[in-house]
Amino acid sequence: MPRQKKTRRGNNEGSIFQRKNGQWVGEVTVGYKPDGKRKYKTFYGKTREEVARKVTKATNDVFNGLMPIDSSKVTVEQLIMEWLMKYKRVSVTARTLEFYLSISKAIIFPAIGSVPIQKLTANQIQNVITDLSIKQSKSYRTVKAFRDTLRQALNWAIDLNLIVTNPAEKTNLPKNDRNPEKESAKAIPVSLRATILQAAENDTIMKPAILTLMFLGLRSAELLALRWKDVNFDDGSVTILNAISIRPDFDDFGNHTKRQTVVTSPKTVAGYRTLQAPPMVIDALKEWKSYIDAKKPEHSDFVFCSTKSGNMRTYNAFRTSYRNFLKRNDLDGYNISLHSYRHTFATLLLEKNVNPKIVSKLLGHADISITLGTYSHVMKEVYGCVADTLSDIYVDTMVGSYKPQSTVTVNVQ
Numbered sequence: 000m001p002r003q004k005k006t007r008r009g010n011n012e013g014s015i016f017q018r019k020n021g022q023w024v025g026e027v028t029v030g031y032k033p034d035g036k037r038k039y040k041t042f043y044g045k046t047r048e049e050v051a052r053k054v055t056k057a058t059n060d061v062f063n064g065l066m067p068i069d070s071s072k073v074t075v076e077q078l079i080m081e082w083l084m085k086y087k088r089v090s091v092t093a094r095t096l097e098f099y100l101s102i103s104k105a106i107i108f109p110a111i112g113s114v115p116i117q118k119l120t121a122n123q124i125q126n127v128i129t130d131l132s133i134k135q136s137k138s139y140r141t142v143k144a145f146r147d148t149l150r151q152a153l154n155w156a157i158d159l160n161l162i163v164t165n166p167a168e169k170t171n172l173p174k175n176d177r178n179p180e181k182e183s184a185k186a187i188p189v190s191l192r193a194t195i196l197q198a199a200e201n202d203t204i205m206k207p208a209i210l211t212l213m214f215l216g217l218r219s220a221e222l223l224a225l226r227w228k229d230v231n232f233d234d235g236s237v238t239i240l241n242a243i244s245i246r247p248d249f250d251d252f253g254n255h256t257k258r259q260t261v262v263t264s265p266k267t268v269a270g271y272r273t274l275q276a277p278p279m280v281i282d283a284l285k286e287w288k289s290y291i292d293a294k295k296p297e298h299s300d301f302v303f304c305s306t307k308s309g310n311m312r313t314y315n316a317f318r319t320s321y322r323n324f325l326k327r328n329d330l331d332g333y334n335i336s337l338h339s340y341r342h343t344f345a346t347l348l349l350e351k352n353v354n355p356k357i358v359s360k361l362l363g364h365a366d367i368s369i370t371l372g373t374y375s376h377v378m379k380e381v382y383g384c385v386a387d388t389l390s391d392i393y394v395d396t397m398v399g400s401y402k403p404q405s406t407v408t409v410n411v412q
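Mapping the sequence shown onto numbering that gives the first Met the number 0, position 281 (from 1) lands on 280, and the numbers just tick up by one.
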């Protein structure tokens with residue numbers, strides 16, 4: 000397309016011009032070919048100022064010996080590793096970085112890692128999505144993680160002017176079919192609840208832990224980060240301010256170097272919450288405090304600290320203790336995880352017709368839609384009673400005996 004010069008370039012801006020379609024283009028000489036002809040790096044933008052910034056930076060890089068990237072040779076694997084280890088690494092948690100790396104190494108690199116990013120097409124990406132979802136029967140979460148990771152990296156490549164469009168944006172994900180029966184299996188079956196509580200009654204460590212998990216709905220990471228200063232025995236409240244996390248460390252090539260347990264903030268702002276604990280939970284915590292104070296007087300402020308060292312328990316150590324508890328009580332064959340107590344807490348409240356919005360707040364969910372989606376199997380039963388109530392109202396209305404008890408205003412947000 001013919002160039003249409005609009006203005007003289009400023010110092011160190013290289014060559015800048017505007018095409019007839021309104022797009023601004025800039026060129027910088029980055030070297031010379033074997034035949035003596037110049038090698039150019041081209042930049043694009045919606046405004047002259049945007050292109051000028053890119054051209055000026057490239058000119059300075061050339062002057063300082065930092066050649067702009069030759070995008071024609073950059074592969075998908077090279078792009079993602081550069082994106083993860085130099086840019087994403089400083090803006091996300093170590094666990095999130097680990098997730099990106101695992102998806103990249105397990106799926107993206109074997110499938111399309113060697114493809115140059117300038118030759119990558121939407122059809123190639125869609126083929127991988129189809130293969131993952133149909134032939135390999137991968138979960139929707141895995142397939143979505145593949146595309147989301149690739150899409151973010153390619154958007155970064157656009158910001159660097161390595162490619163013009165993102166082919167991942169033009170692909171389709173499979174339908175997300177959630178199985179309510181699978182969700183319902185996460186809560187502890189009614190037939191086992193009393194059995195577990197009775198077994199915990201005779202276990203010094205697991206009694207306060209299981210009661211706190213089951214009747215406050217904490218995540219296990221929140222339980223292990225709980226401090227005595229967060230427990231108010233006077234008013235029976237427990238405040239959630241922290242969670243523990245396993246932080247992996249990496250070298251510059253994305254390889255694991257070590258892992259360590261650290262105290263972090265809750266998953267979301269909604270995770271910060273103060274809960275009113277039922278009396279049996281407060282009593283169990285008091286008993287536990289008396290026990291640990293006597294056994295390990297110099298223990299840390301962590302509520303469920305190690306009985307051996309007095310320090311914060313790691314998740315793996317606590318999970319091992321919990322598994323041993325299940326084994327001792329012949330409960331290890333029922334697939335009851337530590338997270339099952341949180342699901343049981345929500346299920347118990349919803350079964351008793353507690354407002355879902357209140358349950359969402361107690362769980363620390365960022366949005367009520369998370370609660371309604373996760374516990375859809377329970378909500379079906381809860382909302383089922385509405386039909387019976389309406390039927391009773393109909394009968395009372397027909398016989399003339401219906402009288403509204405009061406006027407109630409409900410605000411739904």
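Virtual Cβ for every residue (Gly too), placed ideally from N, Cα, C.
Because the structure is a prediction, the values reported are computed rather than measured.
Looking at residue i: is its Cβ nearer than 8 Å to the Cβ of residue j?
i           : j           : result
residue 197 : residue 236 : no
residue 148 : residue 103 : yes
residue 114 : residue 128 : no
residue 116 : residue 144 : no
residue 359 : residue 186 : no
residue 93  : residue 250 : no
residue 222 : residue 199 : no
residue 332 : residue 80  : no
residue 313 : residue 291 : no
residue 356 : residue 367 : yes
residue 40  : residue 29  : yes
residue 277 : residue 232 : no
residue 167 : residue 124 : yes
residue 119 : residue 106 : no
residue 217 : residue 239 : yes
residue 345 : residue 267 : no
residue 310 : residue 320 : no
Using the three-state DSSP reduction, which class does residue i fall into: helix, strand or coil?
i           : result
residue 271 : coil
residue 324 : helix
residue 350 : helix
residue 132 : helix
residue 342 : helix
residue 116 : helix
residue 14  : strand
residue 242 : strand
residue 43  : strand
residue 394 : helix
residue 183 : Unreliable placement is indicated for residue 183, whose pLDDT of 49 sits below 50; the coordinate value is still reported in the next sentence. It is helical.
residue 253 : coil
residue 411 : Unreliable positioning characterises residue 411 in this predicted model, as indicated by a pLDDT of 40, which lies under 50. A coordinate reading is not provided.
residue 50  : helix
residue 399 : coil
residue 6   : Confidence at residue 6 is low in this model, with a pLDDT of 46, below 50, so the placement of that residue should be treated as unreliable; the coordinate-derived value is given next. Of the three classes helix, strand and coil, the one that applies to residue 6 here is coil, per DSSP.
residue 312 : coil
residue 59  : helix
residue 19  : coil
residue 219 : helix
Using 8 Å for Cβ pairs, my map puts residue i next to residue j. What's the rounded Cβ distance?
i           : j           : result
residue 283 : residue 206 : 6 Å
residue 243 : residue 260 : 6 Å
residue 227 : residue 302 : 6 Å
residue 140 : residue 172 : That belief does not hold up - the Cβ atoms of residue 140 and residue 172 are roughly 11 Å apart, past 8 Å.
residue 212 : residue 337 : 7 Å
residue 154 : residue 165 : 6 Å
residue 163 : residue 224 : Not quite, the Cβ-Cβ distance comes to about 46 Å (not below 8 Å), so this is no contact.
Smallest Cα separation from residue i: which of the options?
i           : options               : result
residue 22  : 28, 29, 47 and 38     : 47
residue 272 : 264, 372 and 278      : 264
residue 161 : 292, 300, 42 and 337  : 42
residue 100 : 77, 120, 118 and 121  : 77
residue 74  : 321, 353 and 152      : 152
residue 20  : 318, 45 and 26        : 45
residue 322 : 345, 299, 353 and 204 : 204
residue 327 : 202, 98 and 55        : 202
residue 150 : 91, 130 and 121       : 121
According to the neighbour-count rule (16 or more other Cβ atoms, all chains shown, within 10 Å of its Cβ), is residue i buried or exposed?
i           : result
residue 342 : buried
residue 241 : buried
residue 397 : exposed
residue 270 : buried
residue 415 : There is no way to answer for residue 415, as the model of the chain reaches only from 0 to 412.
residue 219 : buried
residue 348 : buried
residue 58  : buried
residue 210 : buried
residue 394 : exposed
residue 53  : buried
residue 87  : buried
residue 388 : exposed
residue 89  : exposed
residue 51  : buried
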